[in-house]
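In case it helps, mature numbering (1 follows the signal peptide of the UniProt record, and there is no 0) puts the sequence shown at residues -23 to -1, 1 to 624.
Notes follow once the structure below has been shown.
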Amino acid sequence: FLLLQERLRHLLVLLTLLHGSKSFYVPGVAPINFHRNDPVEIKAVKLTSSRTQLPYEYYSLPFCQPTKITYKAENLGEVLRGDRIVNTPFQVSMNVEKKCEVLCNLPNTPVTLTVGQSKLMAERIREDYYVHLIADNLPVATRLEFYSNREEEEKKKEKDVQFEHGYRLGFMDGNKFYLHNHLSFILYYHREDVEENQEPTYRVVRFEVIPQSIKLEDLKADEKSMCTLPEATGSAPQEIDPSKENQLLFTYSVRWEESDIKWASRWDTYLTMSDVQIHWFSIINSVVVVFFLSGILSMIIIRTLRKDIANYNKEDDIEDTMEESGWKLVHGDVFRPPQYPMILSSLLGSGIQLFCMILIVIFVAMLGMLSPSSRGALMTTACFLFMFMGVFGGFFAGRLYRTLKGHRWKKGAFCTATLYPGVVFGICFVLNCFIWGKHSSGAVGATVIPQSARVALLCLWFGISLPLVYLGYYFGFRKQPYDNPVRTNQIPRQIPEQRWYMNKFVGILMAGILPFGAMFIELFFIFSAIWENQFYYLFGFLFLVFIILVVSCSQISIVMVYFQLCAEDYRWWWRTFLVSGGSAFYVLIYAIFYFVNKLDIVEFIPSLLYFGYTALMVLSFWLLTGTIGFYAAYMFVRKIYAAVKID
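Set out below in structure tokens:
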């Protein structure tokens, strides 16, 4: 699937080149060609840990520094992710091997870590931090080899290979801390086809590292900064004692290997998943179950409605019909405006904004435009799209507000532009203060460079989103309101006492099961990507799941509103919005389950971050599914009341 995406990108590039116009590249596609001895820059991205969820800058720890530290200009998505891409002192040249070289300080002069630095290093090792480096935009990976549960004979033949993103900073043995101070880089290159008399060109296609911990005494360094690695069996690891100063050498070696992997397929290694079959099985299972249930629901609803409409439209049985109970009896109240119409229309406007943004992002990502090689592109695109979709959110909110007999359109537009984004901004600001307190690079404005990120976000909100919402709201409010097929009575009808199963919370529990069941496998992969620093790239699956989610939310919402109207309860506006978002409640339950069973978080601030960001996800998901359900139910209600004759 990914190979197909890469091929599609190359086809675009090829077509553009053939037309003789300026070169056009899909983001992250332009390959870099190297000649022998050309420098291959190794850059550092950040330090991450799934135990603390706090990313740190590379030089927050006392690693060797180059003479001049240069940070890469970053996009908004990279800043929000906590990436701080910076140069390192590693000297790597294309197809030039190095046995062992000292990284910094004068030859034979070890690096001395102060007590404070040693404590910090030991703490990061205890917190299970990983170091992330990149070479030619390829992240470093640690190879893990293990035997799978195959037959004994097969076990001897081959091992399963998986790759871990980054490399471990160090390890613990008992109460002692050991630092990986020697890095063995293995870079794979693909030799490109060139004409006979031309110098061969190479492209980097894989970047692996084998981290080792080697004691200072065992690393024999000479005056030329060269060193000798000890035999694997006879060396002792480099201990970091947090209670005193520590002396050590940072060293590295470089090995180049030729590879058959083409440049277009170089990300496959990082994105290989051992459970694609499980993924396919779960998707097919969800599709079958959802469409089967949808079919049954549709048949039942259509048959029942036809029967109802036929009965209600019989001329001669008007008196009998009036004595019956059913949804026709509430025709004079079904379109009565609810309480707080401004807040309802504002929330639905934000839901429309989210729906448009998510649909476009998933679709564009499915076409391969937002691959993991374009670092931070997904988040940047999502932020910008949400802001620009304000015009649609404002339009739908304004039109609905007018339909619900609202008059203060300016206040309504302001409410739409600030209610949901204000809640998101408030939660993020509080969480950001805690991250800031920990001096993490994940804080917006934590260092000098991303200070502009906060200003950029506020400018996007007040400079783009707010005016666009006002513009959309103005046109939506001026447009003809939705045409309701029946008139509303002046005096509201008395609502009979409702059965226990018509309770809102019971409705939320019942309505949330089907949409959540359709998507919970995908939720596991999304959570792994967010909380365990995995790459998520299966946007084709995600697009299919999103379609299933829309269908199932609409179906359930229609069924729930039908039951409610049959029970002669016409207060369906708010209830439909709340009940349709019922799957968000299950997402919250799943997030708690994931936290307890999958993550190893014990400290207060990481837990607060997890539940803070989970609250944002659940709120956004509730708005999204609630909006889908609301509009499906509203269309349904207008259709059925237009189909019966009302005296």
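Just so you know, even glycine gets a beta-carbon here, dropped at the ideal spot from N, CA and C.
Bridge partner(s) assigned by DSSP for residue i
{"i": "F154", "result": "M149, I217"}
{"i": "Y48", "result": "V63"}
{"i": "I490", "result": "According to DSSP, I490 bridges with nothing at all."}
{"i": "N223", "result": "L90"}
{"i": "F140", "result": "R120"}
{"i": "L600", "result": "The partner list for L600 (beta bridge, DSSP) is empty, contrary to what the question assumes."}
{"i": "C204", "result": "A198"}
{"i": "H384", "result": "Note: H384 sits in no beta bridge, so no partner."}
{"i": "E55", "result": "Its beta-bridge partners do not exist; DSSP assigns none."}
{"i": "Y571", "result": "DSSP output for Y571 lists no bridge partner at all."}
{"i": "Y547", "result": "Note: Y547 sits in no beta bridge, so no partner."}
{"i": "V79", "result": "T228"}
Simplified DSSP state of residue i, which is helix, strand or coil
{"i": "K305", "result": "helix"}
{"i": "A118", "result": "strand"}
{"i": "S230", "result": "strand"}
{"i": "A99", "result": "helix"}
{"i": "I19", "result": "strand"}
{"i": "R13", "result": "coil"}
{"i": "S442", "result": "helix"}
{"i": "F406", "result": "helix"}
{"i": "S348", "result": "coil"}
{"i": "Y166", "result": "strand"}
{"i": "C333", "result": "helix"}
{"i": "residue 627", "result": "Outside the modelled stretch of the chain, which goes from -23 to 624, sits residue 627, for which no answer is possible."}
{"i": "Q68", "result": "coil"}
{"i": "I286", "result": "helix"}
{"i": "T178", "result": "coil"}
{"i": "V108", "result": "strand"}
{"i": "Y459", "result": "coil"}
{"i": "E74", "result": "coil"}
{"i": "S26", "result": "coil"}
{"i": "V264", "result": "helix"}
{"i": "S323", "result": "helix"}
{"i": "K(-2)", "result": "A caution first: K(-2) carries a pLDDT of 32, below 50, which makes its placement in the model unreliable, though a value can still be read off. Three-state DSSP puts K(-2) in coil, outside helix and strand."}
{"i": "L160", "result": "strand"}
{"i": "E474", "result": "coil"}
{"i": "Y513", "result": "coil"}
{"i": "V311", "result": "coil"}
{"i": "V621", "result": "coil"}
{"i": "Y378", "result": "helix"}
Per-residue burial, residue i [other beta carbons within 10 Å of its own, 16 or more giving buried]
{"i": "H159", "result": "buried"}
{"i": "Y478", "result": "exposed"}
{"i": "I277", "result": "exposed"}
{"i": "G558", "result": "buried"}
{"i": "P43", "result": "exposed"}
{"i": "E51", "result": "buried"}
{"i": "W257", "result": "exposed"}
{"i": "L435", "result": "exposed"}
{"i": "F554", "result": "buried"}
{"i": "N409", "result": "buried"}
{"i": "A619", "result": "exposed"}
{"i": "T178", "result": "buried"}
{"i": "N152", "result": "exposed"}
{"i": "S27", "result": "buried"}
{"i": "M319", "result": "buried"}
{"i": "I62", "result": "buried"}
{"i": "S220", "result": "exposed"}
{"i": "Y317", "result": "exposed"}
{"i": "T25", "result": "buried"}
Cβ distance (whole Å) where residue i is taken to contact residue j below 8 Å
{"i": "Y107", "j": "L57", "result": "So it is not a contact: roughly 20 Å between Cβ atoms."}
{"i": "S531", "j": "G606", "result": "7 Å"}
{"i": "Y166", "j": "N72", "result": "7 Å"}
{"i": "F512", "j": "L248", "result": "6 Å"}
{"i": "L347", "j": "A354", "result": "5 Å"}
{"i": "L121", "j": "Q215", "result": "Their Cβ separation, rounded to whole angstroms, is 22 Å, which puts L121 and Q215 out of contact at 8 Å."}
{"i": "E34", "j": "N64", "result": "The Cβ separation is near 13 Å, so there is no contact."}
Below-8 Å beta-carbon distance, residue i vs any chain B residue
{"i": "K239", "result": "Judged by its chain identifiers, the structure shown contains no chain B, having just a single protein chain."}
| request: Check whether the segment 97 to 117 touches the segment 165 to 174, taking contact to mean three or more Cβ pairs, one atom from each stretch, closer than 8 Å. | output: no
| said: For the segment 69 to 82 against the segment 199 to 213, do three or more pairs of beta-carbon atoms, one drawn from each stretch, fall closer than 8 Å, so that the two count as touching? | reply: yes
| With contact counted as at least three CB pairs below 8 Å, one residue from each stretch, are the segment 373 to 388 and the segment 448 to 459 in contact? | yes
| message | Contact between the segment 588 to 597 and the segment 397 to 417 is defined here as three or more beta-carbon pairs at a separation below 8 Å; is this criterion met? | response | Taking 8 Å as the limit for Cβ pairs, the verdict is that the segment 397 to 417 does touch the segment 588 to 597.
| task | Could you tell me whether the segment 516 to 531 touches the segment 490 to 502, using the rule of 3 or more Cβ pairs below 8 Å? | result | Yes: the two stretches touch, three or more of their Cβ pairs being nearer than 8 Å.
| Does the pairing of the segment 330 to 343 with the segment 216 to 227 give three or more beta-carbon distances under 8 Å? | Because the criterion of three Cβ pairs below 8 Å is not met, the segment 330 to 343 and the segment 216 to 227 do not touch.
| Inter-stretch contact at 8 Å, needing at least 3 Cβ pairs: the segment 459 to 476 / the segment 535 to 548 | At 8 Å Cβ cutoff, the stretches touch.
| query | Quick one: any contact between the segment 428 to 447 and the segment 357 to 367, if contact means 3 or more CB pairs under 8 Å? | reply | yes
| query | Given 8 Å as the limit, is there contact between the segment 20 to 38 and the segment 579 to 590, that is, 3 or more CB pairs closer than that? | reply | yes
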